[in-house]
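Below is one structure, written out as structure tokens, with a few remarks after it.
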Amino acid sequence: MTSLSVRNVTCDYYLEKPNGFNKLHLRTNVKVPIIRMFGILKTGQKCCVHVHGVFPYIIIRTGVQFTPEFASLLRSKINAIVLDCNSRQKFNVDFAIYQIRSITARSLYGYHKNNENFVQILCYNPLQLRIITDALQKKARKNSIFQVYESHVPYILQFFIDHSIFGMDLVNFSSVKFRISPQRNFDDFYYQDLKVESIVNNIELVSPLLPSTTVAVECDVFATDINNASLHSASEISYNPGLNYIWQDEQRRHQKRGKELTSKSSQKERTPLDTEKEKNYFCRLHTFFKGIVSTASLGTTQSDAFHIPKNTKEIEISAPVEHDFETVGTGIFDEELFLENEDEMNEIMEGMEDNEQEFQEDFDLGEKVGAVCEAVRSANDISSNLKHFKTFRSKLQHFDPDFVDGFSDESISDGNDNEDKIASDTSDIENMPQVGKSSKKSSQQSNNSNDLFESHLEDIRFPTTSRISSGHSGGDLRSSMTLSQYSCLSFPPETSSQISTFSKTSGSCKRNKLSQWSDDWTGNEEAINCAQSYEIDIESTWIPKGQQKFVLQDDLKPVFSKNELWLRPIKRLPFRRKMNQIYDLKQSFSTDNGESIESMSQSGKEAAAEQFFIESFTEKSFINYKNLEEKLEQTVVAPSVTPFTNEAEQADIHHLCVMSMEILALSSRGMPVPDPQHDQILGIFYTISTDVCVQDEMNNVDGVLLNMDDALIEQKEFYTFVASEIDLFDAFVGVVRRYDPDIVIGYNAQRYSWGYLTERSLVIGRNLLSEISRFNLLFHISSIFTEINDYYRPGQQKKSRWIKELDPTPKGRILINVWRILRHEVALRNYTISNVVNSVLKQRFPRYSFPTLSDWILSGERDLIILVLKHMKLYCKLSLLILLRLDFFTKTSEMARLYGIQFNEVLTRGSQFRVESMLLRLARREKYVAPSISPAQRGAMCSPETLPLTMEPESGFYRDPVIVLDFQSLYPSIIIAYNYCFTTCLGKVSHIENICSANRIIEFGGLEYNCPIDDIVSMLATNRLHISPTGAIFCRRTVRKGLMPVMLEEILNTRVMVKKAAKESKKDRRLARILEARQMALKLIANVTYGYSAANFSGRMPCVEVADAIVGKGRETLEQAIKLVDEGAYGNSRVIYGDTDSMFVVCPGATRAEAFDIGKRIADDVTRINPNPVKLKLEKIMHPLILESKKRYVGMSYESINDVEGIFDAKGIETVRRDTCPLVSKILEKALHLLFANDMNRMVRYLDMQLSNLSLLPLSDFIFSREYRKSYAESAIVASKLIAEKRKAICQRYEPEVGERVPYIIVSGEPNSTLISCVREPEEFILDRRLKINFEYYVRRQVLPSLHRALDLVPLKIEWRCPTTVGCYSCKALGAQLWCRECITDPKSLLLAMCDYHRERRLLAQLNNKCRNCLSQCEIEMLVAVPFPSRYFINVCMSLQASSRTLRSVNIDYNKCINMACIVKQKRIFLDCSVAELAIRSHFLTGDKSLQQIY
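What follows is the structure, given as structure tokens:
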């Protein structure tokens, strides 16, 4: 047995029939889910862990106690519902549902005082679970009994939450079994100091399964072997385990410095002001409840239901308060359901006892099994169960009588249905082995996890019971017997006073409750957990009546149900503080020979919540554990010991391997892009970083695989040559398997990198995707050949289907499409690699089309071929360098650790998924379950009643300073201050006013809510309610702390701590990057938490009452602040604009320093009247300011009184928008700069110069870039759609990708031509010199409107007339020719043209030199641009010094570069448009010999 810590990189699951490790005898043909986790060991080895015993599940509220009959009937009902909803669906519940078990919890949706009974339905297949969920949600529209919980949580996320697993964090396993290949050498080291021989010879280390992946270490574990929950709770600072590691990391650094870290906020509590709306709502509630009491006093049955307490003492007795959030909710569900009369109850009990006696007589196996202990339930327990059972039946009668028939009294007592099944199992019981004695240590393992017993017992078949024996109700117990491993089943006492306390001469076997959020375990688990072998002589011991929870029987008749049980998904281990509480409750017992036996007792409140009903029994264990006690002792987590906690190792992400890859393929047949159907791959270029998150030493490995003649290449040591394309694939597979990268990237991975490689391999009949994956992909190439041909056949409609099915992601790895990542990381007008390199790395990188590269390769010139190879090699490196410069890997890893989701899910999932992961982890801890709101329920939900406050601004040009005040995290602060949450909301006042005593159901979000009138009355009388401006009622923090407030409070406090630590760690660049990534992740999650409740259209759990309350309170808070300012306490200051959480206050006649003082006073006064942590802060002073309209303003901002120069600050205007051309933003920004400098004359001259010389501006200033959406209407007139259709007509693969920004310009067209007909691509415009830019469109439709919106407020009007076309080259006289009559014979005019020509030639030579340097030396510049250059880069630089000299002898057309972001390219375009040479040739004096010499 060995432990293992794996850094969780990526996780998926697969379905497989029971194998040698998890062998099931339940249903041999049913596939079970197995989670496959790929990660990194601390040694740097790649690892794959197969986690067994985790099943997807949904939860349903029952409201009644759980019985085996109910489980069986629920199975049949689910089967009927699924078939009823979809008659064509082939569905069998026996092959879909693995287990149904009982749990106690509370709904997260609305205030629920006590725990309720739920059932957890576990399925074999997540797809089958979705079928069941859809069917139940349809039924839930008619009857809330079938409301589904937790179905919207994906299977992998359920696994993460239940086991406290986080993406890119360590997962700790207490015991693993390694998969060893028979081909391995016995002398090889497998893991750490373990050799293959030692693993194979140790049955506790070797798995019976063979490896199925290509990673170095592969192992099998059970879910019970995961101990993350207890480890993450060690030294807890935060309630949310996702934040604990941040605090622990900072605490470790503080301890090194000898400082103390505080985790609590230092802000003092502030009492909010009462508002008129809240007072009116309270008056309405008082009036309503008084009316109810008056009406109820006329009768005799209603007065108690709506009793309003008269004094505080009575309130405290009738409504206990949940004071402390730290106390985990373990309260039981208050039973409110009763049978109508006692006679009916007795009748049912008599039938139950009679049938139970017949059942035991038919299957009397007591003599065969030996001495077996069985827990006995008292008559009160049975009656309580039947009460709930009967009431639930009456509830269902209104919905489906057929369903209720199964709950008849006869079916409750009839046990003959199981006769055949049980009879067939008696032979197994007869052959059950007896286990020898064990040491006293086995009786001291009560503090171990129950699930560990479940999966590791040796060759035992445990009897389970589905009937409750009514015997042994009390009296003396005098006997002497031997306890075998057929041990006792323990049932909890009803109160703490009823905990059994044996004398020193008695023995007890009691289960240990380690469930974090569920109190109910199946009876089979009870048998497993109590299975211990020891001998005790029990002497005369008197046990009081009602406390006999452990009864020993010599001749017990075991009873079995229909199904067998293998193992169950683990329940979470307790947090450390709970472990301490459990250890404090130990009771010590001893046998007659003085050996001490320890058992743990539970509190009465907690234990009374547990109901144990047995549905099945276990098969013989196929795992032979000879040292079971030692195994359990090693895996138990002691309160004072924290294994696997090396915080220094956890702080950084080590050994994360990233591989960047690009391919070189020639574009044949005149196509603009290569086609995998026809064009083979000539080269594969790769760059591998073996430890990408640690940038102090970049261990890059570069390589080039070439499918070409090596005679053309010098320096062959830098390249690997192969003979064919098949050999090229083989070599690449070898590279991938050698380095085994966790993440693979490509700039356009879908189309030209990994995607092209995969498609090309399929065309030649090879499954390369399976070979470069970490496990084999089982699909046949021949089955998709026809589809491939149809895909490449013009006009076929199967393209979208083919691309959707062909995912180029190597399985077991993460594929990153770099250009799509950059769309979210940086805001650019287009995302070509040249533009990105220029913006991010501040370097130039040439961009050549595929036909250009193909021509250079086919030219046969050695230097051109080397140029292409070096270009592609650098192209491959750039993808990795760009992501490193953006700190992408560290930032994404920290987000995954914080949110608790996978690395890839940070990139592909939205904000709601992140909030849900953090919120549900906190909900699990407090025993809440989240309802799944269906689309139909979302559609039926009430519409929002309020919107954020957005004032109509007083538009104008303000020369006086304008104060910008902003509420710091307004919505999160509102949630914290007023305790707004799903769990604290009690409905709306308007809905409560419409209820009656007979029906307390009100509408709440997307569901119905049983309004707790008694609790509302109690809290109302003691001022423990808060009512939002929209009328939603919430309990105060003194009653219950909501989950959302607790989560957000910790997030905000953690962010403050992290930002402070980042300021102190500026010298440590790597630590500063990590801390910056953490604070950004915290900021993002805090800002989107409100949206989780407000997503009414696509939300996963929206609640309009909570969302409206947050928005309404935020609006009210801003209105109060505006009112305070306008009351005149701050001179002549007034509010000119307010938007959601900010307001603009102008200070007429004040200086900038005075404005800062006024702003601080306003911020302090507004903060003082609001509760903690609502805070108004002075953000900046805008001086001057142009306020155009809502969310559109621009000015010079000053953040400190010491700032001498302001910062140009714009929002919503063209200078920061990307839906226009750069010409507009440049002209507008420059004009505003001059205006704010109060230099009107310079601004006018600048505008005149720019608008009069548009032809001298670079082409890039006129290029628009719009995103391509693909799903356009047929009648849509969109430029990007037009260009995409033209490209698609040339080649299918030439069509822009969805989200790609398509560049275009507007040219001058024919008279009366439409605007869409004037759209051209930049490359098309460059090649066709007849095209001219439509300057009039750019000025009148783009530039002038933006100037008017800003400058009309000054006021300043601008008029522009289109300049006429220039004719004469020299005197600019109008005409159609280059020379007028006078200049064509003037020698000075010719000399002017010749001077211009030679100046352009010199400029062209300079540009060629720059382009040559760009080709040869840009690689050096790129490498040294890395933040931490190493010796590796210096060596590369030295080897590339001769590149520039080599290129001088090569004839290269530098105009082939299409990098529009390069200023050199723009100058080349300008030179191409020059007419100087044409003017010289057309001049009259050009024939003069003396001038020809000069020319």
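Using this note's numbering, the letters of the sequence shown map in sequence onto residues 204 to 1698.
Each residue gets a CB set at the ideal place from its N, CA and C atoms; glycine is no exception.
> Tell me the DSSP bridge mates of Lys1191?
Replying inline: The count along the sequence shown starts at 1 and reaches residue 1191 at position 988. As DSSP reads the structure, Lys1191 sits in a beta bridge with Ala1235.
> Rounded to whole angstroms, how far is the Cβ of Ala952 from the Cβ of Ile1019, which I believe are closer than 8 Å?
Replying inline: Within the sequence shown, the letter at position 749 stands for residue 952. Within the sequence shown, the letter at position 816 stands for residue 1019. Indeed, because the Cβ distance is near 7 Å, the residues count as touching under 8 Å.
> Buried or exposed: which applies to Ser1455, given that a residue is buried once 16 or more other Cβ atoms fall within 10 Å of its Cβ?
Replying inline: Here the question's residue 1455 lines up with position 1252 in the sequence shown. With fewer than 16 Cβ atoms within 10 Å of its Cβ, Ser1455 is classed as exposed.
>> Can you look up Ser1619 in the DSSP assignment and give me helix, strand or coil?
In response: For this step, residue 1619 is matched to residue 1416 along the sequence shown. Ser1619 sits in a helix when the DSSP states are folded into three classes.
>> If we define contact as Cβ-Cβ less than 9 Å, is Arg487 a contact residue for chain C?
In response: Annotation note: the requested chain C is absent from the structure, which comprises a single protein chain.
>> Can you look up Tyr442 in the DSSP assignment and give me helix, strand or coil?
In response: As a first step, residue 442 must be located in the sequence shown, where it is residue number 239. In this structure, Tyr442 counts as coil in the three-state DSSP scheme.
>> Check whether the stretch 266-275 and the stretch 204-213 are in contact - that is, three or more C-beta pairs closer than 8 Å.
In response: By the C-beta criterion, the stretch 266-275 is judged not to be in contact with the stretch 204-213, since fewer than 3 inter-stretch pairs fall below 8 Å.
> Is Tyr1183 helix, strand or coil when you go by DSSP?
Replying inline: If you number the sequence shown from 1, residue 1183 lands on position 980. Coil, per DSSP.
> From Arg1016 to Ile237, what does the alpha carbon distance come to, in whole angstroms?
Replying inline: The sequence position of residue 1016 within the sequence shown is 813, counting from 1. The sequence position of residue 237 within the sequence shown is 34, counting from 1. When rounded, the distance between both Cα atoms is 18 Å.
> Can you list, in chain order, the residues of its chain whose CB lies under 6 Å from that of Val1377, leaving out five sequence neighbours each side?
Replying inline: The sequence position of residue 1377 within the sequence shown is 1174, counting from 1. Ser1176 and Ala1180.
> What is the rounded straight-line gap between the Cα of Thr427 and the Cα of Ile1104?
Replying inline: Position 224 of the sequence shown, counted from the first residue, corresponds to residue 427. Position 901 of the sequence shown, counted from the first residue, corresponds to residue 1104. One C-alpha to the other measures close to 21 Å.
>> Cutting at 6 Å between CB atoms, please list the residues of its own chain near Met1247, excluding the five before and the five after it.
In response: Translated into positions along the sequence shown, residue 1247 becomes position 1044. The beta carbon of Met1247 sits closer than 6 Å to those of Ile1178 and Cys1184, all from its chain and outside the five residues before and after it, given in chain order.
>> Quick check on the burial criterion: 16 or more other C-beta atoms within 10 angstroms. Buried or exposed for Phe389?
In response: Looking up residue 389 in the sequence shown gives position 186. It counts as exposed.
> Applying the criterion that 16 or more other CB atoms from any shown protein chain within 10 Å of the CB defines a buried residue, is His1027 buried or exposed?
Replying inline: On the sequence shown, residue 1027 is found 824 positions in, with the first residue counted as 1. Exposed, since its Cβ has fewer than 16 Cβ neighbours within 10 Å.
> Which value, in whole angstroms, describes the spacing of the CA atoms of Glu1585 and Ile1493?
Replying inline: Within the sequence shown, numbered from 1, the residue matching residue 1585 stands at position 1382. Within the sequence shown, numbered from 1, the residue matching residue 1493 stands at position 1290. Roughly 50 Å separates the two Cα atoms.
> Can the beta-carbon of Pro1054 be found closer than 9 Å to that of Cys1665?
Replying inline: Position 851 of the sequence shown, counting from 1, holds the residue named residue 1054. Position 1462 of the sequence shown, counting from 1, holds the residue named residue 1665. Cβ atoms of Pro1054 and Cys1665: not closer than 9 Å.
>> Could you check whether Phe1439 and Phe1467 sit closer than 9 Å to each other, using their CB atoms as the reference points?
In response: In the sequence shown, residue 1467 corresponds to position 1264, counting from 1. In the sequence shown, residue 1439 corresponds to position 1236, counting from 1. Result no, Cβ atoms of Phe1467 and Phe1439 do not sit closer than 9 Å.
>> Which residues does DSSP list as the beta-bridge partners of Ile303?
In response: Sequence index remark: in the sequence shown, residue 303 carries index 100 (1-based). In DSSP, Ile303 forms a bridge with Ile324.
> Below 8 Å, can you find three or more Cβ-Cβ pairs linking the stretch 1123-1132 to the stretch 1235-1250?
Replying inline: Segments in contact, yes.
> How long is the line joining the alpha carbons of Lys1489 and Ser956, rounded to whole angstroms?
Replying inline: What you label residue 1489 is simply residue 1286 of the sequence shown in a count that begins at 1. What you label residue 956 is simply residue 753 of the sequence shown in a count that begins at 1. Distance between the alpha carbons of Lys1489 and Ser956 is about 24 Å.
>> Here's a check: name, in chain order, each residue in its chain whose Cβ is nearer than 7 Å to the Cβ of Glu1526, leaving out the five neighbours to either side.
In response: Your numbering for residue 1526 matches position 1323 in the sequence shown. So the qualifying residues of the chain are Ile1661.
> Looking at the structure shown, is Met1385 part of a helix, part of a strand, or coil, going by DSSP?
Replying inline: On the sequence shown, residue 1385 is found 1182 positions in, with the first residue counted as 1. Reduced to three states, the DSSP call for Met1385 is strand.
> Would you call the CB atoms of Val212 and Ile429 closer than 9 Å?
Replying inline: Sequence index remark: in the sequence shown, residue 212 carries index 9 (1-based). Sequence index remark: in the sequence shown, residue 429 carries index 226 (1-based). Result no, Cβ atoms of Val212 and Ile429 do not sit closer than 9 Å.
> Tell me the DSSP bridge mates of Cys251?
Replying inline: On the sequence shown, position 48 is the one that residue 251 refers to. Looking at the DSSP output, Cys251 shares a beta bridge with Phe241 and Glu421.
> Within this structure, are the beta carbons of Lys1014 and Ser1062 separated by less than 9 Å?
Replying inline: Here residue 1014 refers to the residue found at position 811 of the sequence shown. Here residue 1062 refers to the residue found at position 859 of the sequence shown. Cβ atoms of Lys1014 and Ser1062: not closer than 9 Å.
> Taking the beta strand (DSSP E) that Asp1412 falls in, what are its first and last residues?
Replying inline: Along the sequence shown, read from residue 1 onward, the residue named residue 1412 stands at position 1209. Its beta strand (DSSP E) spans residues Ile1410 to Lys1414.
> Looking at Thr1186 and Ser441, is the spacing between their C-beta atoms short of 9 Å?
Replying inline: Working through the sequence shown from its first residue, we reach residue 441 at position 238. Working through the sequence shown from its first residue, we reach residue 1186 at position 983. Annotated as distal: Ser441 and Thr1186, with beta-carbon spacing of 9 Å or more.
>> Per DSSP, what are the beta-bridge partners of Glu219 in this structure?
In response: Working through the sequence shown from its first residue, we reach residue 219 at position 16. According to DSSP, which records beta bridges pairwise, Glu219 is partnered with Val235.
> Got a sec, what are the start and stop residues for the beta strand (DSSP E) Ile1372 sits in?
Replying inline: Against the sequence shown, residue 1372 aligns to sequence position 1169. Neither: Ile1372 is in no beta strand (DSSP E) and is coded neither H nor E.
> Going by Cα to Cα distance, which pick from Ile334, Ala1280 and Asp1406 is closest to Lys1262?
Replying inline: Residue 1262 sits at position 1059 when you count from the first residue of the sequence shown. It is Ala1280.
> Relative to the alpha-carbon of Glu1500, which residue among Lys1484, Val1510 and Ala1275 has its alpha-carbon at the smallest distance?
Replying inline: Numbered from 1 along the sequence shown, position 1297 holds the residue referred to as residue 1500. The shortest C-alpha separation from Glu1500 is found at Lys1484.
> Terminal residues of the continuous beta strand (DSSP E) containing Val1165?
Replying inline: Locating residue 1165 in the sequence shown gives position 962, where the first residue counts as 1. Residues Val1165 to Phe1170.
> Are the CB atoms of Gln1669 and Ser1463 nearer to each other than 9 Å?
Replying inline: Walking along the sequence shown from the start, residue 1669 turns up at place 1466. Walking along the sequence shown from the start, residue 1463 turns up at place 1260. The answer is yes: Cβ separation under 9 Å.
>> Taking the straight line between their C-alpha atoms, what separation do you get for His366 and Tyr1401?
In response: As a first step, residue 366 must be located in the sequence shown, where it is residue number 163. As a first step, residue 1401 must be located in the sequence shown, where it is residue number 1198. About 49 Å.
>> I want to know whether the stretch 1219-1235 touches the stretch 1134-1143 - three or more CB-CB distances under 8 Å.
In response: Not touching, per the Cβ criterion.
> Mapping DSSP to helix, strand and coil, what is Tyr260?
Replying inline: For the purposes of this step, residue 260 is identified with residue 57 of the sequence shown, where counting begins at 1. DSSP places Tyr260 in strand when its eight states are reduced to three.
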